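*Asks:* Handing you this structure, nothing more for now.
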Amino acid sequence: MLENVIKKRVTEQSAMEEKENVLISACLLGLCCRYDGEEKQYESIEALMKLCHLIPVCPEQLGGLKTPRDPAERRGNRVLTSKGEDVTNSYEKGAEEALKMARLFGCQKAILKEKSPSCGCGRIYDGSFSRKLIPGDGVTAGLFKSHGIEIVGERQVSEFAEQLKKKITTGN
Ligand code: SF4
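What follows is the structure, encoded as structure tokens:
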């Protein structure tokens, strides 16, 4: 009985030491990189730190944009600020740099902030700055997908944590 408990503990421990690297939108960790410069806490994400190595990136900052900055939304293949400035190049550069980070750290998965013109996956704002959502991906999320990186939105974090726990416990 005790032997089984110890064996399970050792298996868990060694699996924990081989935790995978997972890229994450830096704002989800409370870093003040959001367009409005605000800090937000996501408790469900803090629990993930025990299950994987979180590698924070902010594609918009990596693309050279300052914080705070004007809000921006995708409109077709372009990204425009609320003042009409075309910031597509910065978004594309940021996406390439974020992909570089994913490769440097061997990340196969990324937890990304939903609805963002960079990080949003599946649903983004429609470009009218009226909070209307349409199907689509942010620039970084789209690039990640095309390179086979699995994307997890912040609403799926609990489910993702369960998957990681299972993997750590069973090794699968
Ligand atoms: Fe940066 Fe992505 Fe968060 Fe926007 S959503 S602040 S690009 S990490």
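Numbering follows the numbering used here, in which position 93 of the sequence shown is assigned residue number 1477; successive positions increment by one, without gaps. Note that beta-carbon positions come from the ideal geometry of N, C-alpha and C, so glycine has one too. Values in this document were obtained by computation on a predicted structure and should not be read as measured data.
1) Rounded to whole angstroms, what's the CA-CA distance from Gln-1425 to Ser-1474? Just pull it up for me.
2) Go ahead and pull the three-state DSSP assignment for Tyr-1475.
3) Extract the residue ranges of the beta strand (DSSP E) inside the segment 1397–1465, only unbroken runs of 3 or more that lie entirely within it.
4) State the start and end residues of the unbroken beta strand (DSSP E) segment that holds Lys-1493.
5) With DSSP as the reference, label Gly-1537 as helix, strand or coil.
6) Going by beta-carbon coordinates alone, are Ala-1456 and Thr-1465 separated by less than 8 Å?
7) Buried or exposed for Gly-1555, going by 16 or more other Cβ atoms inside 10 Å?
8) Can you name the start and end residues of the alpha helix (DSSP H) that Lys-1529 belongs to?
9) How big is the Cα-Cα spacing for Lys-1477 and Leu-1483?
10) Only counting the same chain, and skipping five residues up and downstream in sequence, which positions put a Cβ closer than 6 Å to that of His-1437?
11) Given the structure, does Gln-1540 come close to ligand 1, in the sense that its CB is under 7 Å from one of the ligand's heavy atoms?
12) What is the DSSP secondary structure of Lys-1551, counted as helix, strand or coil?
13) Candidates Ser-1502, Ile-1408 and Arg-1453: which alpha carbon is nearest Arg-1462's?
14) Roughly how far, in whole angstroms, is the beta-carbon of Ile-1439 from the beta-carbon of Met-1485, given that I think they are within contact range, below 8 Å?
15) Cβ of Ile-1429 within 8 Å of Cβ of Leu-1407?
16) Rounded to whole angstroms, what is the Cα-Cα separation between Ser-1500 and Gly-1414?
*Replies:* Considering the structure as presented:
1) 26 Å
2) Collapsing the DSSP output to three states places Tyr-1475 in a helix.
3) 1405–1409, 1437–1441, 1456–1459 and 1462–1465
4) 1493–1496
5) strand
6) yes
7) Counting the other CB atoms within 10 Å of its CB gives Gly-1555 a total below 16, which places it among the exposed residues.
8) 1523–1530
9) 10 Å
10) Lys-1403 and Asn-1405
11) Checking the Cβ of Gln-1540 against ligand 1 gives no.
12) helix
13) Ser-1502
14) 6 Å
15) no
16) 16 Å
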